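In the working numbering, the protein residues as written are 60 to 657.
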């Protein structure tokens, strides 16, 4: 484009259909002749030829009759006008781009970006902490409400709503803007946490957990969408690596914090969400005008894909209940489990058909799967999450039963896996930002994750503790390479208007993989362990206590020996199943093409 024509659009935004004496031109009304626009263009071009000061450029549309601003798409690096040193102005200005209306937001300085990122990290940390802090507190809470046999509903109600609402809130960012949706999700999460903290009965608690779960599921995806909007693609890997590292920290320390609160007052497991949210919200409100706010023009509630939402809710709830209850609460061949599986698997293709053929504004646009990196990323996240979930869930129980560690020490036994995840994900993100290379880390992460998971099939209590820690460390390296790179690779393959949808889908596929993993792994562990315990005359009377991993060290020595051998074998079988399920993730990582981050 000639420099004279570029200079035509210098200066501040003016209303459409008007021009100023300095040569600024805005779009003529849609009904005006293009010839008039051409005349204005030629006149303004001559006036701008003598200009020596250059203002920040405003991107051109595909026609000469409309000038559209896309400030939100530009890197928020604190860029300022060379001539005035002032940040971009006119916050109320809006532009339409690709069917989306973009509010022109002031550019963030580096400090503002760092503070906003910190606030998003704290918010994400709280939502992740809430799902793990309850693990050690559930028996105590359920006992207080005389509902110990129903304690699984404390976590299940949270899991169901977070799974169902995650794609809904992710898609809502396209309709009403990330800024608005972020505060809606935080409101749901904090409201649910408050209701949990003051709950007076078990039903009240489970309903409150469902509300908090809806908000937490939304927070997980919206903060990543906002991160993708305020950070340029080339720099995004660095921030994503740090973000995922902080989320992993919450998974480790959540049970420890929950155990500490239980000794004092379990209600503080929920009050902590209200207290720590205050500084995060303060920062977000301070820069609220600088958070992304991209919306669809003329969108009303009638445009919402109600049918898609209903189908997602139905099939995800059916499958989640079936996989969580099967082999634990009910037998896999029970009529209820079979019915839930049938409903879930039948509604899934119906949902796909609805999204492709019927929904005017689909909840999950299926056309994004024509991009290879998106398909590879969604599939890779689904399968690779199985290894991560199995280790986080069952390593503490393994060390309690097999190694006879206390509950607190067993929570620390996961550190040999977590430390490399934190280090590698953070370092990899920084290296990606400097080099622009992603695919190599996807390949390396997929390979190490698969090999490391396979090596964990050797863990059955017969090797030294040091050897087990080495294997966990090696497996953690693979998970660290995959953290963030999968989402980044998928984002690099699509235009900006699909970023929110692609981000949502990659995160949602991980959540679905975790649900399936927990069911598969829990079923293998429970059934193998239970069968071996029942086969022992000495250990059979203690089967309930052993399955709950409750104070195993207080049992007779011969029972502890049988329990250790049985759980070691069960853990070994579980890792075999995990390796088989994890294998497709490696091949999907090979399917990704080289992303372009520049």
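Here a beta-carbon is modelled for each residue, glycine too, at the ideal position from N, C-alpha and C.
Source: prediction; values computed, not measured.
Rounded straight-line distance, which links the Cα of residue j to that of residue i
i, j, result
"residue 10", "residue 545", "No answer is possible for residue 10: the residues shown for the chain start at 60 and end at 657."
"residue 454", "residue 371", "32 angstroms"
"residue 338", "residue 470", "28 angstroms"
"residue 512", "residue 499", "20 angstroms"
"residue 606", "residue 590", "11 angstroms"
"residue 246", "residue 274", "7 angstroms"
"residue 655", "residue 556", "17 angstroms"
"residue 316", "residue 322", "10 angstroms"
"residue 324", "residue 495", "48 angstroms"
"residue 303", "residue 393", "39 angstroms"
"residue 611", "residue 299", "40 angstroms"
"residue 408", "residue 378", "14 angstroms"
"residue 264", "residue 592", "34 angstroms"
"residue 526", "residue 429", "44 angstroms"
"residue 281", "residue 561", "12 angstroms"
"residue 177", "residue 622", "45 angstroms"
"residue 343", "residue 175", "6 angstroms"
"residue 169", "residue 482", "24 angstroms"
"residue 234", "residue 290", "21 angstroms"
"residue 519", "residue 456", "12 angstroms"
"residue 278", "residue 599", "44 angstroms"
"residue 446", "residue 335", "31 angstroms"
"residue 118", "residue 216", "With a pLDDT of 38 at residue 118, under the threshold of 50, the predicted position of this residue should be treated as unreliable, and no value is reported."
"residue 310", "residue 601", "30 angstroms"
"residue 584", "residue 466", "19 angstroms"
"residue 423", "residue 625", "44 angstroms"
"residue 213", "residue 449", "20 angstroms"
"residue 383", "residue 171", "43 angstroms"
"residue 236", "residue 363", "14 angstroms"
"residue 615", "residue 329", "37 angstroms"
"residue 631", "residue 462", "15 angstroms"
Buried versus exposed, by CB contacts within 10 Å (16 or more), residue i
i, result
"residue 648", "buried"
"residue 189", "buried"
"residue 421", "buried"
"residue 638", "buried"
"residue 596", "exposed"
"residue 613", "exposed"
"residue 517", "exposed"
"residue 268", "buried"
"residue 468", "exposed"
"residue 640", "buried"
"residue 158", "Note on residue 158: pLDDT 47, under 50, position unreliable in the model; no value is reported."
"residue 425", "exposed"
"residue 617", "exposed"
"residue 314", "buried"
"residue 554", "exposed"
"residue 558", "buried"
"residue 332", "buried"
"residue 432", "buried"
N-terminal and C-terminal residue of the alpha helix (DSSP H) that residue i is part of
i, result
"residue 603", "602 to 606"
"residue 617", "616 to 650"
"residue 579", "558 to 593"
"residue 526", "524 to 541"
"residue 238", "237 to 256"
"residue 376", "365 to 384"
"residue 182", "169 to 192"
"residue 517", "From DSSP, residue 517 is part of no alpha helix (DSSP H); its letter is neither H nor E."
"residue 427", "From DSSP, residue 427 is part of no alpha helix (DSSP H); its letter is neither H nor E."
"residue 468", "466 to 471"
"residue 486", "474 to 494"
"residue 336", "327 to 345"
Supposed contact pair residue j and residue i - C-beta distance, whole angstroms, cut 8 angstroms
i, j, result
"residue 580", "residue 452", "7 angstroms"
"residue 272", "residue 218", "7 angstroms"
"residue 651", "residue 501", "6 angstroms"
"residue 276", "residue 225", "4 angstroms"
"residue 413", "residue 366", "6 angstroms"
"residue 509", "residue 645", "4 angstroms"
Check: residue i C-beta below 8 angstroms from any heavy atom of the ligand FAD
i, result
"residue 181", "In the structure on display, the ligand FAD does not appear, and there are no ligands present to speak of."
Contact between the stretch 525 to 533 and the stretch 472 to 480: three or more CB pairs below 8 angstroms? yes
For the stretch 235 to 250 against the stretch 379 to 395, do three or more pairs of beta-carbon atoms, one drawn from each stretch, fall closer than 8 angstroms, so that the two count as touching? No contact exists between the stretch 235 to 250 and the stretch 379 to 395.
If contact is defined by three or more beta carbon pairs under 8 angstroms, each pair taking one atom from either stretch, is the stretch 372 to 385 in contact with the stretch 400 to 418? yes
How about the stretch 429 to 443 and the stretch 559 to 575: do they share at least three Cβ pairs that are nearer than 8 angstroms? yes
Are at least three pairs of beta-carbons, each pair with one atom in the stretch 557 to 568 and one in the stretch 214 to 230, less than 8 angstroms apart? yes
Whether or not the stretch 537 to 557 and the stretch 482 to 489 are in contact is what I'm after, with contact meaning three or more pairs of Cβ atoms, one per stretch, closer than 8 angstroms; do they touch? yes
Mind the definition here: the stretch 248 to 266 touches the stretch 196 to 204 only if three or more C-beta pairs lie below 8 angstroms; say whether that holds. yes
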